[in-house]
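To start, the structure under review is shown below, and the notes come after it.
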Amino acid sequence: MDFLEPMIALDETHYQDGYKDGYDDGMVSGKEEGRQVGLKLGFQVGEELGFYQGCLDVWMSIIRLDQGAFSARVRKYMEQLAALLSNYPLSDPENNLQDMMKEIRLKFRVITGSLGAKLGYEGRPTSSEQDLEDI
Numbered sequence: 066m067d068f069l070e071p072m073i074a075l076d077e078t079h080y081q082d083g084y085k086d087g088y089d090d091g092m093v094s095g096k097e098e099g100r101q102v103g104l105k106l107g108f109q110v111g112e113e114l115g116f117y118q119g120c121l122d123v124w125m126s127i128i129r130l131d132q133g134a135f136s137a138r139v140r141k142y143m144e145q146l147a148a149l150l151s152n153y154p155l156s157d158p159e160n161n162l163q164d165m166m167k168e169i170r171l172k173f174r175v176i177t178g179s180l181g182a183k184l185g186y187e188g189r190p191t192s193s194e195q196d197l198e199d200i
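To convert, count from 1 in the sequence shown and add 65; that's our numbering.
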């Protein structure tokens with residue numbers, strides 16, 4: 066028996082104990098951090114979806130008052146936006162949420178562009194503002 070074996074075994078035991086303690090602590094803190102990030106991002110997504118739904122509600126109210134307020138093409142875009150918003154899974158998220166949000170943003174820009182309106186969601190930075198924040 067090598068006289069260093071007990072020291073190596075002790076070292077390995079302390080390493081394993083430390084690893085287990087660190088892993089357990091990481092699981093607890095990681096879950097809480099994940100929860101906080103999830104709440105923040107969920108709120109931001111809900112706020113943005115609410116903005117688009119609010120604009121759509123105003124436009125639909127205008128249509129109810131005056132059928133000729135918007136062209137048939139713009140009304141079709143609005144119906145498509147309504148479908149995208151209603152199909153967004155609020156309570157059971159899926160993997161393709163970013164793609165769905167991109168479609169909603171694009172449809173909104175198509176509508177506002179067709180209306181000649183300079184209207185956009187201000188709650189999240191544009192890509193150029195995000196690039197500046199990353200510097």
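The C-beta atom is built at its ideal place from N, Cα and C for all residues, glycine as well. Bear in mind the structure is a predicted one, so any value in this text is a computation, not a measurement.
Whether or not the stretch 174-188 and the stretch 151-160 are in contact is what I'm after, with contact meaning three or more pairs of Cβ atoms, one per stretch, closer than 8 Å; do they touch? no
Let's see if you can read the secondary structure: which residues bound the alpha helix (DSSP H) around proline 71? 70-130
Does the stretch 158-168 come within contact of the stretch 132-142, defined as at least 3 CB pairs closer than 8 Å? no
Could you compute how far the alpha carbon of glutamate 144 sits from the alpha carbon of glycine 188? 24 Å
For alanine 137, the first and last residue of its enclosing alpha helix (DSSP H): Where alanine 137 is concerned, the enclosing alpha helix (DSSP H) stretches over 137-152.
What's the gap between the Cα of glutamate 77 and the Cα of valine 102? 36 Å
Collapsed DSSP secondary structure at lysine 167 in the structure displayed: helix
Just the Cα atoms here: how many angstroms apart are aspartate 122 and glutamate 97? 37 Å
Whose C-alpha, out of Leu171, Leu155, Glu70 and Lys167, is nearest the C-alpha of leucine 104? Leu155
Let me know the secondary structure DSSP gives leucine 162 once reduced to three states. Helix at leucine 162.
Tell me the rounded alpha-carbon separation between alanine 74 and glutamine 109. A direct Cα-Cα distance of roughly 51 Å separates alanine 74 from glutamine 109.
Would you decide whether lysine 183 is buried or exposed? Buried here means 16 or more other CB atoms lie within 10 Å of its CB. exposed
Please identify the residue among Gly181, Leu180 and Lys167 whose C-alpha is closest to the C-alpha of leucine 114. Lys167
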